[in-house]
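**Q** My questions will all concern the structure given below.
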Amino acid sequence: DIQMTQSPSSLSASVGDRVTITCRASRGIGNSLAWYQQKPGKAPKLLLYAASTLESGVPSRFSGSGSGTAFTLTISSLQPEDFATYFCQQYYNTPSWFGQGTKVEIK
Amino acid sequence: EVQLLESGGGLVQPGGSLRLSCVASGFTFNSYAMAWVRQAPGKGLDWVSGVSGNGGGRDYADSAKGRFTISRDNSKRTLYLQMNSLRAEDTAVYYCAKGVVVAPNGYFDYWGQGTQVTVSS
């Protein structure tokens with residue numbers, strides 16, 4: 002199995018801040034990585050796939066980068082609606098594990 | 020509009036069984052893999068099982084192997100998860116998720132609202 006490790010597990014930030022979340026795979030997955038946003042009581046929402054491709058309708062302040070084993074999600078200017086938990090997911094093979102999540106909280 | 024509507028969750032005793040269903044609409048159901056992903060209270064997302072578009076390819080997390088069976092009825096546009104020998108650690112919200120390719124290894128572009136499964140005596 003390919004394990005995914007996200008860091009940090011939580012962070013506090015202010016509106017307008019630049020935020021970066023890291024995801025590492027236990028072995029190379031090429032660019033087979035997706036990022037999701039989840040708000041309390043709601044289903045996850047797809048943000049990016051293929052490590053850096055923005056899903057339709059997702060604001061351009063979200064971006065992704067990386068390949069192989071190291072990936073990042075960046076929010077260029079945090080907005081009030083961005084306070085949520087973010088998960089990475091490898092889909093290189095099954096089982097298609099998720100990272101443990103990063104909770105972005107208001108400072 | 021893509022919609023995924025799960026049902027079948029509830030309270031069950033340890034060792035019991037449940038069958039979850041997910042009715043899909045708004046897309047060509049048999050062209051896409053489907054999966055079940057669960058989330059225990061206050062925890063992260065756990066991939067449970069996935070099935071290919073034609074139902075021929077299935078895979079399971081180790082925690083589900085031998086106890087859970089994923090299936091789909093493309094004529095009814097419905098995904099299922101038969102869960103047997105349930106344990107307390109299976110307590111979670113179970114989400115149905117639509118894949119983006121016909122094979123089970125893909126990301127998910129649509130999710131259902133989830134159905135709660137609680138395993139407790």
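So the sequences go chain by chain: A and B.
Each step along the first sequence adds one to the number in our numbering, with nothing skipped, and position 9 is 10.
Each step along the second sequence adds one to the number in our numbering, with nothing skipped, and position 10 is 29.
For glycine and all other residues, C-beta sits at the position ideal for the given N, C-alpha and C.
(1) Quick check: the segment 78-85 of chain B against the segment 36-43 of chain B, are at least 3 beta-carbon pairs closer than 8 Å?
(2) Less than 7 Å between CB atoms is the rule here; does residue 32 of chain A satisfy it with respect to chain B?
(3) Under 9 Å Cβ-Cβ, which residues of chain A neighbour residue 124 of chain B?
(4) Hey, out of B/113, B/124, B/47, whose CA is closest to residue 58 of chain B's CA?
(5) Name the chain A residues that come within less than 7 Å of residue 64 of chain B, Cβ to Cβ?
(6) Ignoring anything shorter than 3 residues, give me the beta strand (DSSP E) runs that lie fully in the segment 17-89 of chain A, in order along the chain.
(7) May I ask you to list the residues that DSSP assigns as paired with residue 135 of chain B?
(8) How many Å lie between residue 119 of chain B and residue 50 of chain A at the Cα?
(9) For residue 43 of chain B, name the three-state secondary structure that DSSP assigns.
(10) Opposite residue 7 of chain A in the DSSP bridges: which residues?
(11) Which residues in the same chain have their Cβ closer than 8 Å to the Cβ of residue 19 of chain A, if we skip the five residues on either side of it in sequence?
(12) How about residue 99 of chain A and residue 63 of chain B: are their beta carbons less than 7 Å apart?
**A** Checking against the coordinates, here is how it stands:
(1) No, the segment 36-43 of chain B is not in contact with the segment 78-85 of chain B.
(2) For the purposes of this step, residue 32 of chain A is taken as residue 31 along the first sequence, with counting starting at 1. So, not an interface residue.
(3) Taking the first residue of the second sequence as position 1, residue 124 of chain B is located at position 105. Per Cβ cutoff of 9 Å: 33, 92, 93, 94, 95, 97.
(4) Position 39 of the second sequence, counting from 1, holds the residue named residue 58 of chain B. Closest by alpha carbon: B/113.
(5) To locate residue 64 of chain B, count along the second sequence from 1; it is residue 45. Chain-order list of chain A residues neighbouring residue 64 of chain B: 45, 88, 99, by C-beta distance under 7 Å.
(6) 20-26, 34-39, 46-50, 63-68, 71-76
(7) Here residue 135 of chain B corresponds to residue number 116 of the second sequence, with the count starting at 1. Answer by DSSP bridge pairing, in chain order: B/112.
(8) Counted from its first residue, the second sequence places residue 119 of chain B at position 100. Counted from its first residue, the first sequence places residue 50 of chain A at position 49. Rounded to the nearest whole angstrom, the CA to CA distance from residue 119 of chain B to residue 50 of chain A is 10 Å.
(9) Numbered from its first residue, the second sequence carries residue 43 of chain B at position 24. In the structure shown, residue 43 of chain B sits in a strand (DSSP, three-state: E or B).
(10) Taking the first sequence and counting its residues from 1, one reaches residue 7 of chain A at position 6. Partner(s): A/24.
(11) Taking the first sequence and counting its residues from 1, the one referred to as residue 19 of chain A is at position 18. If we look at residue 19 of chain A and ignore the five residues flanking it on each side, its Cβ neighbours are 75, 76, 77, 78, 79.
(12) For the purposes of this step, residue 99 of chain A is taken as the residue at position 98 of the first sequence. For the purposes of this step, residue 63 of chain B is taken as the residue at position 44 of the second sequence. A Cβ-Cβ contact shorter than 7 Å links residue 99 of chain A with residue 63 of chain B.
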